[in-house]
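Counting from 1 along the sequence shown, just add 10 to a position and that's the residue number in the numbering used here. From the three backbone atoms N, C-alpha and C, an ideal C-beta is built for every residue, glycine too. This structure is a prediction, so every number in the text was calculated from the model and none was measured. First comes the structure, then the notes that go with it.
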Amino acid sequence: MITSDASPLLDVRGLVIETGPVARPTRLVHDIDLTVRPGEVLAIVGESGSGKTLTTMSLIDLLPSGVRRIAGSAGFEGQDLYALKRVAMDRVRSDRIGIIFQDPMSSLNPSLRIETQLTEAFIAHGKGGRRQALDRATHLLNEVAIPNPKARLSQYPHELSGGMRQRVMIAMALMCEPSLLIADEATTALDVTVQKQVLDLLKEIQSKRSLSIVFVSHNLGAVAEIADTVMVMHRGALVERGPTLEVLTNPREAYTRRLVEAVPRLRTAGQARSQP
């Protein structure tokens with residue numbers, strides 16, 4: 011549930027990201043503002059190359075090599091994320107901000123057991139010792155509906171299915187009880203049935219924990235199911251933003267309309283809602 015009368019959990023202002031030579035840069039993200047309130051799910055949508063992933067990765071200092079943030083502030087829990095030194099950012103990342111990446115097979119370390127990958131950050135951030143970390147890891151694997159969680163802890167990523175690996179990623183993101191979750195195309199690499207299962211799981215976890223989520227996706231069907239608010243990006247710029255139902259059923263901008271019309275189910279739902 012959104013806490014509408016509370017101060018924003020995340021408040022980004024004037025974000026600009028560039029690449030290329032400093033003398034002749036190519037601008038990738040143009041003066042973006044975004045706000046996430048406690049308990050809110052904000053979806054950032056747009057085509058590949060729209061700047062949505064760069065926007066979110068800038069928050070946790072994970073921009074690709076050769077890409078740089080040149081302006082902006084990002085207020086989060088009383089501090090500016092963009093002003094943090096590396097050590098301070100390492101404390102925030104995984105501790106206060108959890109991350110779910112698109113491809114769990116490339117995000118998980120193939121040479122480490124699931125146990126190690128789940129407990130490492132918990133112990134490093136001083137949340138408890140190994141016994142407590144293992145108890146929490148087991149609890150979270152059970153919460154994300156992985157059968158026989160104690161046995162899974164001793165396995166390696168390649169021994170799990172794609173859907174189970176993504177559930178491990180969700181459990182890992184929750185280990186330190188963050189207040190903000192960044193889900194970067196978290197369902198894209200999965201087949202349709204598993205996508206639905208993972209999406210339902212994210213919705214359940216968000217509701218249970220009143221988490222704030224930034225949900226990055228080009229899948230408007232998934233966005234319609236999970237998001238409270240949508241911001242649409244195109245070529246690095248903000249095109250439109252508003253409540254999810256309003257944006258997806260009555261888009262103001264031509265680019266947003268094209269995105270919605272490319273998804274027949276959303277188009278039909280929008281036409282039905284607009285009829286008297």
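query                                                                                                                                                                 : result
In the DSSP assignment, find the alpha helix (DSSP H) that holds Leu128 and state where it starts and stops.                                                          : Ile124 to Ala134
Just verifying my parser: in three-state terms, what is the DSSP assignment at Arg37?                                                                                 : strand
With Ala247 as the anchor, note down where its beta strand (DSSP E) starts and where it stops.                                                                        : Ala247 to Pro253
Out of Ser75, His149 and Thr129, point me to the one whose CA is closest to Pro31's CA.                                                                               : Ser75
Between Val233 and Thr254, how many whole angstroms is the CB-CB distance? I'm expecting something under 8 Å.                                                         : 7 Å
Please list, in chain order, all residues of the same chain as Glu87 whose beta carbon is under 8 Å from its beta carbon, the five residues on each side excluded.    : Leu19, Arg106 and Ser189
Return the CA-CA distance between Gly82 and Arg146, expressed in angstroms with no decimal places.                                                                    : 36 Å
Who are the Cβ neighbours of Tyr92 in its own chain at under 7 Å, not counting the five residues just before and after it?                                            : Arg79, Gly82, Ser83 and Ala84
Which of helix, strand or coil does DSSP assign to Val32?                                                                                                             : coil
From Leu52, Val22 and Asp238, pick the residue whose C-alpha is nearest to that of Leu44; which is it?                                                                : Val22
With a threshold of 7 Å on Cβ separation, who are the neighbours of Val154 within its own chain once the five nearest residues in sequence on each side are excluded? : Arg177, Ile180, Ala181 and Leu211
What span of residues does the beta strand (DSSP E) with Ile236 cover, start to end?                                                                                  : Where Ile236 is concerned, there is no enclosing beta strand (DSSP E), although the alpha helix (DSSP H) it sits in stretches over Leu230 to Ile236.
On the three-state DSSP scale, how would you describe Leu191?                                                                                                         : strand
Near Ser68, what residues of its chain come up, given a Cβ to Cβ distance below 7 Å and the 5 sequence neighbours on each side ignored?                               : Leu25, Ile27 and Arg79
Considering Ile215, what are the terminal residues of the beta strand (DSSP E) in which it resides?                                                                   : Where Ile215 is concerned, there is no enclosing beta strand (DSSP E), although the alpha helix (DSSP H) it sits in stretches over Val202 to Arg219.
By Cβ distance below 8 Å, which residues in the same chain neighbour Gln112 in space, the five residues on each side in sequence not counted?                         : Asp194, Glu195, Ala196, Thr198 and Ala199
Spatial neighbours of Asp71 within its chain, please: C-beta separation below 6 Å, excluding the five flanking residues on both sides.                                : Met99
Can you tell which of His149, Val102 and Ala161 has its C-alpha closest to the C-alpha of Gly136?                                                                     : Val102
Quick one: residues in its chain with C-beta nearer than 8 Å to the C-beta of Arg37, no 5 flanking neighbours on either side, listed in chain order?                  : Val26, Ile27, Glu28 and Gly246
For Val26, does the three-state DSSP call read helix, strand or coil?                                                                                                 : strand
Taking 6 Å as the limit between beta carbons, can you name the residues of its chain near Arg268, skipping five residues before and five after?                       : none
Does the Cβ of Arg283 have 16 or more other Cβ atoms within 10 Å, making it buried, or fewer, making it exposed?                                                      : Note that Arg283 has pLDDT 36, beneath the 50 cutoff, so the model's placement of it is unreliable and the number below is only indicative. With fewer than 16 other Cβ atoms within 10 Å, it is exposed.
What do you reckon, are the CB atoms on Ala183 and Leu170 nearer than 7 Å?                                                                                            : no
Within the segment 44-109, note down every full alpha helix (DSSP H) run reaching 4 residues or more, in order along the chain.                                       : 62-69 and 96-102
For Ile287, name the three-state secondary structure that DSSP assigns.                                                                                               : With the chain covering only 11 through 286, there is no way to say anything about residue 287.
By the 10 Å Cβ neighbour count, where 16 or more other Cβ atoms means buried, how is Gly49 classified, buried or exposed?                                             : buried
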